[in-house]
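Have a look at the structure below, then the notes.
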Amino acid sequence: MSSGQRRALLASPAENAREAEALLRSQYDFVPLEEADMVIALGGDGFMLQTLHHMLEHRRILPVFGMNRGTVGFLMNEWRRDVLNERIEKAKSFKVNPLRMTVDTVDGEQFSIPAINEVSLLRETRQTAKLVVQVNGRTMLPELVCDGVLVATPAGSTAYNLSAQGPILPLGSGMIALTPISPFRPRRWRGAILPEKMSVRFEVLDPVKRPVSAVADQREVRDVARVEVTIDRGTPLTLLFDPEHALDDRIAMEQFIS
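For the sequence shown, numbering that gives the first Met the number 0 assigns the number 0 to the initial residue and increments by one for each residue that follows.
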């Protein structure tokens with residue numbers, strides 16, 4: 000990654016992110032986002048996801064080097080104001096293919112929304128959700144009774160997926176995780192690991208009595224009737240990391256954190 004590229008600087012509204020932005024602007028040159036070749040993002044994982052979704056929506060995909068001014072910062076590098084040019088020059092790039100969630104609602108509306116971490120289906124009321132689970136058009140579970148279910152990418156496998164007892168997927172594995180949330184029936188089903196080329200489809204049984212919402216990262220659609228999840232290979236995202244703090248190593252090491 001050439002340090003001579005034109006960079007845009009974006010910061011979350013958080014006070015410490017704005018303070019970091021002011022420090023960097025006093026030390027380095029930046030251009031407006033529409034003129035940039037790459038992006039420096041200051042904030043937490045939520046802000047990184049917002050930045051990536053903004054690029055997907057506007058169909059202008061740029062490499063992103065994030066620095067953590069949030070809490071967890073799993074998708075971010077360590078915050079430092081010095082040697083930024085050198086860090087960008089040595090940065091290791093990772094391609095991340097987002098998911099694409101296609102939703103049909105009970106009222107007949109349809110939405111198509113990308114997700115970098117996961118797509119999750121969640122019950123809206125005290126009633127459990129009842130779902131049909133299909134993989135590549137084949138019914139694998141005629142009735143999954145649960146609080147919800149999610150499909151996660153390797154980049155998102157250490158987030159909500161891991162909290163739901165799902166597997167950690169190595170970056171570049173070409174796999175996705177299908178993980179139930181508090182499953183009641185089938186009692187022993189704990190999810191599946193699928194090749195990312197496969198599509199996953201959910202049909203909501205009795206969606207009026209047992210309403211279900213679908214969430215792609217941070218965007219929610221309520222009262223869904225069916226949801227299809229596929230990998231979107233047409234819009235790969237590029238994340239940049241310091242070599243000593245690279246995303247693939249970080250995901251692998253999560254398996255040893257107690």
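All residues carry an ideal CB built from backbone N, CA and C; glycine is no exception.
For the beta strand (DSSP E) that contains Asn67, what are its first and last residues? Where Asn67 is concerned, the enclosing beta strand (DSSP E) stretches over 63-67.
Name, in chain order, the residues that DSSP records as bridge partners for Glu33. The partner list for Glu33 (beta bridge, DSSP) is empty, contrary to what the question assumes.
What does DSSP give as the partner residues of Thr92 in its beta bridges? Here residue 92 is Ser; the residue named in the question, Thr, does not match the sequence. DSSP output for Ser92 lists Leu239 as bridge partner(s).
CA-CA distance, Arg24 and Asp241? Those two C-alpha atoms are separated by around 21 Å.
Can you pull the DSSP bridge partners for Phe110? For Phe110, which the question treats as bridged, DSSP gives the partners Val102.
Quick one: what's got a C-beta closer than 8 Å to Gln133's C-beta in the same chain, skipping five residues either side? So the list reads Met139, Val199, Arg200, Phe201, Glu202, once near-sequence residues are dropped.
With distances taken from CA atoms, which of His52, Glu77, Leu55 is nearest Ala19? Between Ala19 and the set His52, Glu77, Leu55, the nearest pair of CA atoms involves Glu77.
If we call anything under 7 Å between Cβ atoms a contact, is Gly69 one with Ala40? No.
What ranges does the beta strand (DSSP E) occupy inside the segment 171-252, keeping only unbroken runs of at least 3 residues that lie completely in it? Listed in chain order, they are 174-180, 191-194, 199-203, 211-215, 218-220, 223-230, 236-240.
Taking the straight line between their C-alpha atoms, what separation do you get for Lys208 and Gly45? Near 33 Å, if we compare the C-alpha coordinates of Gly45 and Lys208.
CA-to-CA distance, Lys89 to Asp103, given in whole angstroms: In this structure, the alpha-carbon of Asp103 lies about 44 Å from that of Lys89.
Let's test the definition: count the other Cβ atoms within 10 Å of the Cβ of Pro62 and tell me whether it reaches 16, buried, or not, exposed. So Pro62 ends up on the buried side.
Among residues of its own chain, excluding the 5 on either side of Val211, which ones have a beta-carbon nearer than 8 Å to its beta-carbon? If we look at Val211 and ignore the five residues flanking it on each side, its Cβ neighbours are Leu120, Leu121, Arg122, Glu123, Ala128, Leu130, Gly147, Val203, Asp222, Val223.
Taking the C-alpha atoms as reference points, what is the distance between Pro182 and Val228? Taking the CA atoms as reference points, Pro182 sits about 20 Å from Val228.
In whole angstroms, what separates the C-alpha of His244 from that of Ala163? If you take the alpha carbons of His244 and Ala163, they lie about 26 Å apart.
Closest to Leu55 by CA distance: which of Phe73, Leu98, Ile175 is it? For the residues Phe73, Leu98, Ile175, the minimum Cα distance to Leu55 belongs to Leu98.
Quick one: give me the first and last residue of the beta strand (DSSP E) that Gly147 is part of. Following the DSSP letters along the chain, one finds Gly147 inside the beta strand (DSSP E) bounded by residues 147-151.
Let me know the secondary structure DSSP gives Glu142 once reduced to three states. Reduced to three states, the DSSP call for Glu142 is strand.
Of the residues Leu161, Asp216, Glu108, the one placed nearest Pro179, counting alpha carbons only: Scanning Leu161, Asp216, Glu108 for the CA closest to the CA of Pro179 turns up Leu161.
Could you tell me which residues DSSP puts in a beta bridge with Arg6? Among the bridge pairs identified by DSSP, Arg6 is matched with Met37.
For Phe73 and Asp231, what's the separation of their Cα atoms in angstroms? Distance between the alpha carbons of Phe73 and Asp231: 22 Å.
Looking only at its own chain, which residues have a Cβ that is under 8 Å from the Cβ of Glu142, when we skip the five neighbours before and after it? Cβ within range, chain order: Lys129, Leu130, Val131, Arg184, Leu204.
State the CB to CB distance for the pair Val95 and Thr50, rounded to an integer number of angstroms; the pair is presumed to be in contact (CB under 8 Å). That pair is no contact at about 13 Å.
Looking only at its chain, what residues have a beta carbon closer than 6 Å to the beta carbon of Ser111, apart from the 5 residues adjacent to it on each side? Result list for Ser111: Thr101, in chain order.
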